[in-house]
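Report on the structure given below.
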Amino acid sequence: MTLWLTRIVPSPTSPDARRDLRGAAQGIRLHQRVLQMFPDGVEGPARAAYGVLFRAEETPRGPQILLQSRVEPDPSRLPDAYGKTETRSLDDLLKAVHNGTLVNYRCVANAVRKPSARTQEEYKLPPVVALSGNAAIAWWERQSAAAGLEPLHVNAHPLEAVSGPRGTEGAAARQRIRHSRTQFDGMARVIDSDLCREKLAAGIGRGKAYGCGLLTIAPVRQ
């Protein structure tokens, strides 16, 4: 299994990049933008076909977009002067993941639960409930275990939800998308390296098409 990680540093002078990163619909616009970097005409949803996961994040030097995929993307398909891109294989990282390895991790995820029909009716809850605080941390601990990780430290930071119309025309323009987001950072121990590699490729939780679910790790230097 080969995974590719692409770092996109959007240009502050690019109107396309500024528009993509603006507001609550950022994840929806970036979903459309990053898929432009892959061949057309694939059978089925392109995101799943190419294993695309991404997230936008702020750094001390400004915003960046991290894009992971099973196929190497083509930056030339981005608009002119969109920004700087750098792509590297994650083969060495995947080979370095062993049981017992300590890693620093980050994941922006859609931490939610689905109440039963009875609970929904009794407490007047929506079909999907966003989690926060200790409930979000408990959710992440369960997700970490399912990803072959034992979290040793967890920091959960709520982010603005992704929301907006699914598209710009027809039925898609009338469909609303909303995904709450929490950024999880910390240190973990790998307890199942095969499972960890699988989750790195597959992503975690819901909302993967809109900037949620990308798990990134870096072995701790000792």
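Residue 321 in the working numbering sits at position 45 of the sequence shown; the count goes up by one each step and never skips. Virtual Cβ for every residue (Gly too), placed ideally from N, Cα, C. In this text, all values refer to a predicted model and were calculated from it rather than measured experimentally.
Of the residues Arg337, Met313, Ser408, the one whose Cα lies closest to the Cα of Leu329 is Met313.
Under the DSSP definition of a beta bridge, Asp461 partners with Arg382, Asn431.
If one requires a minimum length of 3 residues, the beta strand (DSSP E) runs lying completely within the segment 292-361 are 329-335, 338-345, in chain order. With respect to the C-alpha of Thr363, the residue from Leu342, Gln419, Pro355 having the closest C-alpha is Leu342. Around the beta carbon of Val496, fewer than 16 other beta carbons lie within 10 angstroms, which makes this residue exposed. The three-state reading of DSSP puts Leu366 in coil, since its state is none of H, G, I, E or B. Comparing alpha carbon positions, the residue from Cys488, Val310, Val379 closest to Asp292 is Val310. DSSP places Thr492 within a strand segment (E or B) once states are collapsed to three. Residue environment: Asp316 is assigned as exposed (fewer than 16 neighbouring CB atoms within 10 Å of its CB, all protein chains considered).
Taken atom to atom, the span from the alpha-carbon of Thr335 to that of Pro402 is near 35 Å. Only buried fits Arg457, as 16 or more other CB atoms lie within 10 angstroms of its CB.
Here Arg323 has Ala485 as same chain residues with Cβ atoms under 6 Å from its own Cβ, once five neighbours each way along the sequence are excluded. Counting C-beta pairs closer than 8 Å gives three or more between the segment 474-482 and the segment 378-386, which meets the contact rule. Collapsing the DSSP output to three states places Ser420 in a helix.
Across the set Glu397, Ala447, Asp368, Met463, the C-alpha of Asp368 shows the shortest separation from the C-alpha of Leu281.
Take Asn431, set aside five residues on each side of it, and the residues of its chain with a beta-carbon closer than 6 Å to its own are Asp461, Gly462, in chain order. Straight through space, the alpha carbons of Ala422 and Trp415 are spaced by roughly 11 Å.
Following the DSSP letters along the chain, one finds Leu281 inside the beta strand (DSSP E) bounded by residues 280-286. With the rule of 3 Cβ pairs closer than 8 Å, the segment 290-305 does not count as touching the segment 372-381.
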